[in-house]
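Q:
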Amino acid sequence: MKEKINNFLESDLLEKYLLGETTLEEKHQVERYIAMYPEIREAYRELEDNLETFARLYARKAPEGLKNRITLSIRNQQAGRKRFIRYAVAASIATLFFAASSVFFWNQNQHLQHENAMVTDQIRVLEADMKEQLEDVRNQFIVLNNPGTRKYMVSGNKKARDLKAIAYVNPIKKLSYINVRNLPQLPEDQCYQMWAEVNGSMVNLGILRDIEDKDKLMALPYGEKALGYITIEPKGGNNTPSVQNIVANIKY
Amino acid sequence: MSTLLEKHIVELLKESNDKAISLLYEHYGDTLYGVAFKVVRNEELAQDVVQESFIKIWNKSHTYDASKAKLFTWLFRITRNTAIDKLRSLGNKSDKEIQMDVSDVYNLGVEGIQPELMDMRKQLDKIELKYQIVLEALFFEGMTQQEASEELDIPLGTVKSRLKIGLRELKKIYGAASIVLFYLLQGL
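Below, the structure written as structure tokens:
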């Protein structure tokens, strides 16, 4: 133990440590020894005192004004730091604000894009719808205006005597329309459904709603010697016509 | 230097109270200036070194650990290293390369010396020149013991022993300085 302490004191580690010239490993070793051995602790204290004594021997009157220079530069640095902190706080707030507004605008942009897509879709659908309706109106005009158009009066059979409809057929333009003018009242659980037999196949033309517009023309698929039927079907319509429930047929 | 004063300064430093700088300068300014001057050997450079050192002391005050070193040891290390770095950065090292001019030790520029400092200076005579040279080389020139051995052309073992004896010799001055201080205080 004694030898170990002596060896340590003989080495120049303590002096190097005093001046802060040890490696990290040496530093830890010296600090461990100082903590463990009172003799080394005492030697180190003595070295520190000696260093101060030695350094004070070289003391030299510092020039006037040096103290002010030092105080001023430290104050400036502090003021600079405070300024920097103020700027940093302001910059942080600004950054947060921009981040928040970016998120807000991004969300809004997404929303608008979505809305835009929806509106574009709607316009496309409307356009197609309009074209279809225009085409329909044009055809109606042709049918009604063309001298070659034949007009058939359709009446209901005994199951629906009050059923009145007018069919317009133009074999040249290959267009046919029907105008259902009157439909007798049916029980709640029944409805009228329209069919057409064209070139040997049965086409479902859908359920006839209550007649809102008596002048409305409904297109019929055109075919040579085609047959149109109106049947009474259960509410909601049927896939195939119930032949026994035919209330009117239209030859065209 | 009273331990109480040291504690007070350290507390002020930790609180970032700039009174600490005033107190440090009052109690250690001349010594640190002397250390800086001893290393760079130029008044203007020494002033710059002291200024930079004080700024470092201020900025690094949170790293000071009173359980590991006296306040002065810490201040000395910072000033000495700043001075050595200054010299190196100026590329002056070759000019400065150990010219252990004996007159340099004594040539002090009398005008700047306070009477009590002159008293301290006289104390230096009590240490043999060979010890002074080794102590200066190691403390002020930033040399390792190996470098000092080569520069001074003395064996490494001799450098080691002169350092140890030189430091021990300082005890004599330490005791004497207390007496000087005692008389100075009496005179107040």
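Those sequence lines, one after another, are chains L and B. Our numbering applies: residue 1 is where the first sequence begins, and numbers increase by one. Our numbering applies: residue 1001 is where the second sequence begins, and numbers increase by one. Ideal placement from N, C-alpha and C gives every residue a C-beta, glycine not left out.
Starting from L/N249, follow the alpha helix (DSSP H) in both directions and report where the run begins and ends.
A: As a first step, residue 249 of chain L must be located in the first sequence, where it is residue number 249. Here L/N249 belongs to no alpha helix (DSSP H); instead the beta strand (DSSP E) covers 246–251.
Q: Quick check on this structure: which residue in B/N1059, B/K1007, B/A1036, B/I1057 has the alpha carbon closest to the alpha carbon of B/D1048?
A: Looking up residue 1048 of chain B in the second sequence gives position 48. Of B/N1059, B/K1007, B/A1036, B/I1057, the residue nearest in Cα terms is B/A1036.
Q: Name, please, each residue of chain L whose Cβ falls closer than 7 Å to the Cβ of B/T1031.
A: Reading the second sequence from its first residue, position 31 is the one you call residue 1031 of chain B. Residues of chain L passing the Cβ test: A55, R56, A59.
Q: Using the Cα positions of L/T23 and L/I93, report the straight-line distance between them to the nearest angstrom.
A: For the purposes of this step, residue 23 of chain L is taken as the residue at position 23 of the first sequence. For the purposes of this step, residue 93 of chain L is taken as the residue at position 93 of the first sequence. Those two C-alpha atoms are separated by around 45 Å.
Q: Assuming L/N179 contacts L/D215 under a Cβ cut-off of 8 Å, what Cβ separation, rounded to an integer in Å, is found between them?
A: Start at 1 with the first residue of the first sequence, and residue 179 of chain L comes out as number 179. Start at 1 with the first residue of the first sequence, and residue 215 of chain L comes out as number 215. Contact flag correct, Cβ pair sits at about 7 Å.
Q: May I ask which residues mark the beginning and end of the beta strand (DSSP E) holding L/T149?
A: For the purposes of this step, residue 149 of chain L is taken as the residue at position 149 of the first sequence. Element bounds for L/T149: n/a, residue is neither H nor E.
Q: Between which two residues does the alpha helix (DSSP H) holding B/E1128 run?
A: Locating residue 1128 of chain B in the second sequence gives position 128, where the first residue counts as 1. B/E1128 -> no alpha helix (DSSP H), and no H or E assigned at all.
Q: State yes or no: is the C-beta of B/T1082 within less than 8 Å of the C-beta of B/S1053?
A: If you number the second sequence from 1, residue 1082 of chain B lands on position 82. If you number the second sequence from 1, residue 1053 of chain B lands on position 53. Cβ distance < 8 Å, so B/T1082 and B/S1053 count as in contact.
Q: Pull up the distance between the alpha-carbon of L/Q29 and that of L/E39, whole angstroms please.
A: If you number the first sequence from 1, residue 29 of chain L lands on position 29. If you number the first sequence from 1, residue 39 of chain L lands on position 39. For L/Q29 and L/E39, the distance between alpha carbons rounds to 15 Å.
Q: With a cut-off of 8 Å, does the C-beta of B/L1170 fall near any C-beta of chain L?
A: Residue 1170 of chain B sits at position 170 when you count from the first residue of the second sequence. Yes, because at least one Cβ of chain L sits closer than 8 Å to the Cβ of B/L1170.
Q: Under a three-way DSSP split, which group does L/K164 fall into?
A: By one-based count along the first sequence, residue 164 of chain L stands at place 164. Of the three classes helix, strand and coil, the one that applies to L/K164 here is strand, per DSSP.
Q: From this set, B/D1125, B/F1140, B/I1009, B/S1016, which residue's C-alpha is nearest B/G1034's C-alpha?
A: The count along the second sequence starts at 1 and reaches residue 1034 of chain B at position 34. Out of B/D1125, B/F1140, B/I1009, B/S1016, B/F1140 has the C-alpha closest to the C-alpha of B/G1034.
Q: For L/A43 versus L/L14, is the C-beta distance shorter than 8 Å?
A: Here residue 43 of chain L corresponds to residue number 43 of the first sequence, with the count starting at 1. Here residue 14 of chain L corresponds to residue number 14 of the first sequence, with the count starting at 1. In this structure, L/L14 lies closer than 8 Å to L/A43 by Cβ.
Q: Among residues of its own chain, excluding the 5 on either side of L/K159, which ones have a beta-carbon nearer than 6 Å to its beta-carbon?
A: Reading the first sequence from its first residue, position 159 is the one you call residue 159 of chain L. Within the same chain, L/K159 has close Cβ partners V247.
Q: Let me confirm a value: B/N1107 is counted as buried when at least 16 other C-beta atoms fall within 10 Å, else exposed. Which label applies?
A: Residue mapping note: residue 1107 of chain B aligns to position 107 of the second sequence, counting from 1. No answer about B/N1107 holds up, because its pLDDT of 40 lies below 50 and its placement is not dependable.
Q: B/E1006: which of B/E1043, B/M1143, B/A1137, B/L1023 sits nearest, CA to CA?
A: Here residue 1006 of chain B corresponds to residue number 6 of the second sequence, with the count starting at 1. Looking at the Cα atoms, B/L1023 is the closest of the given residues.
Q: If you run the structure through DSSP and keep just helix, strand and coil, what is B/Y1028?
A: By one-based count along the second sequence, residue 1028 of chain B stands at place 28. Helix at B/Y1028.
Q: List the DSSP bridge partners of L/Y177.
A: Along the first sequence, read from residue 1 onward, the residue named residue 177 of chain L stands at position 177. DSSP lists L/Y168, L/A219 as partners of L/Y177.
Q: Which same chain residues, not among the five before or five after B/L1040, have their C-beta less than 7 Å away from its C-beta?
A: Sequence index remark: in the second sequence, residue 1040 of chain B carries index 40 (1-based). First, the amino acid is wrong: residue 1040 of chain B is Val here, not Leu. Result list for B/V1040: A1046, V1049, A1083, K1086, L1087, in chain order.
Q: Hey, could you find the ends of the alpha helix (DSSP H) L/M36 is sitting in?
A: Along the first sequence, read from residue 1 onward, the residue named residue 36 of chain L stands at position 36. From DSSP, the alpha helix (DSSP H) with L/M36 extends over 24–36.
Q: For L/A219 versus L/D162, is the C-beta spacing smaller than 8 Å?
A: Here residue 219 of chain L corresponds to residue number 219 of the first sequence, with the count starting at 1. Here residue 162 of chain L corresponds to residue number 162 of the first sequence, with the count starting at 1. Not a contact, by the Cβ cut-off of 8 Å.
Q: State yes or no: is the C-beta of B/S1149 within less than 8 Å of the C-beta of B/L1138?
A: Here the question's residue 1149 of chain B lines up with position 149 in the second sequence. Here the question's residue 1138 of chain B lines up with position 138 in the second sequence. Taking 8 Å as the Cβ cut-off, B/S1149 and B/L1138 do not qualify as a contacting pair.
Q: Suppose you measure from the CA of L/V243 to the CA of L/D129; what does that come to, to the nearest Å?
A: Taking the first sequence and counting its residues from 1, the one referred to as residue 243 of chain L is at position 243. Taking the first sequence and counting its residues from 1, the one referred to as residue 129 of chain L is at position 129. Distance between the alpha carbons of L/V243 and L/D129 is about 34 Å.
Q: Classify L/P241: buried if its beta carbon has 16 or more other beta carbons within 10 angstroms, exposed otherwise.
A: Walking along the first sequence from the start, residue 241 of chain L turns up at place 241. Buried.
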